[in-house]
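Okay, structure first, notes after.
Numbering (our numbering), first residue to last: 84 to 372.
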């Protein structure tokens, strides 16, 4: 039952010897050998697997799996994959398939001879076709819930202006697209929001009221016309507004109208319900309207 280490020479010509260790039942041998070459040294085994352990844990296993080389990291390399890794992997440079880089520290590329599929546990989710098309879901025409494409949402218009971009606007409750005319409802007139500030361009006044109308500015930041003791916050914190000021000494109600002309775009179709507002301020607590 003795176990031994041997130095063996199984060839007839001059060459380096093999240093080997016998298996427990002495029917297999693992060792170090040049295997007939002066350029490549081998760790060889007459059995089908070589392993590297630490503390009883399989660190690395190389296996001849029916004539196919399998390597397992953290496992016994029995999965049938050429490389089977148990645990997370970290690639410092890049990852390639068939010589084509698909993952590096700047990009993730999907490449296939014709069509590439990305699937989840529930089924096919995304398909990239060879002619440049993109399909969400499996394309089946049947019952059940379809795969959804969900856009990001915001209550403000994005700062980026990229043709073909889309998002869901929570303020107006519509999907918005960036087209040649700007952000707006997709494939229709854009939902452009316009702010008009006094003094209004092309404005005219009308009405029989007796009094004087002037234009001015209020600013909390600049501390100009920023309220009075009775109405101290006519302009709120960090607010600045231009305004028209109506002054009259009449005791009866006076009427003065301001008409503003604004050129609507050629593809205008209508105003969004509830989207028009007028801001009015006063420095007199009796008369805020």
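Built from N, CA and C at the ideal position, the CB exists for glycine as well.
Small disclaimer: the values here were computed from a predicted structure and weren't measured.
8 Å CB neighbourhood of residue i in its chain, flanking five on each side removed
| i | result |
| --- | --- |
| residue 237 | 250, 251, 252 and 253 |
| residue 298 | 281, 282, 325, 326, 327 and 328 |
| residue 234 | 249, 250, 251 and 258 |
| residue 164 | 153 |
Residue i burial status per 10 Å Cβ neighbour count (16 or more: buried)
| i | result |
| --- | --- |
| residue 84 | Any reading at residue 84 needs caution, since the residue's pLDDT is 45, under 50, leaving its predicted position unreliable; the model's value is listed next. Looking at its Cβ environment, which holds fewer than 16 other Cβ atoms inside 10 Å, residue 84 is exposed. |
| residue 346 | exposed |
| residue 461 | Residue 461 lies beyond the range of the chain shown here (84 to 372); nothing can be said about it. |
| residue 318 | buried |
| residue 372 | Only weak support exists for where residue 372 lies, its pLDDT of 41 falling under 50; the coordinates are left without a value. |
| residue 261 | buried |
| residue 160 | buried |
| residue 362 | exposed |
| residue 215 | exposed |
| residue 264 | exposed |
| residue 110 | exposed |
| residue 269 | exposed |
| residue 182 | exposed |
| residue 150 | exposed |
| residue 114 | buried |
| residue 224 | exposed |
For residue i, three-class secondary structure by DSSP
| i | result |
| --- | --- |
| residue 232 | coil |
| residue 339 | coil |
| residue 266 | strand |
| residue 354 | coil |
| residue 108 | coil |
| residue 277 | coil |
| residue 249 | strand |
| residue 130 | coil |
| residue 344 | coil |
| residue 175 | coil |
Beta-carbon proximity list for residue i, same chain, < 7 Å, skipping 5 on both sides
| i | result |
| --- | --- |
| residue 337 | 292, 293, 294 and 331 |
| residue 344 | 285 |
| residue 168 | 156 and 157 |
| residue 135 | 142 and 143 |
Contacting residues, own chain, Cβ-Cβ under 6 Å from residue i (five flanking each side not counted)
| i | result |
| --- | --- |
| residue 218 | 210 |
| residue 342 | 287 |
| residue 356 | none |
| residue 290 | 338, 339 and 340 |
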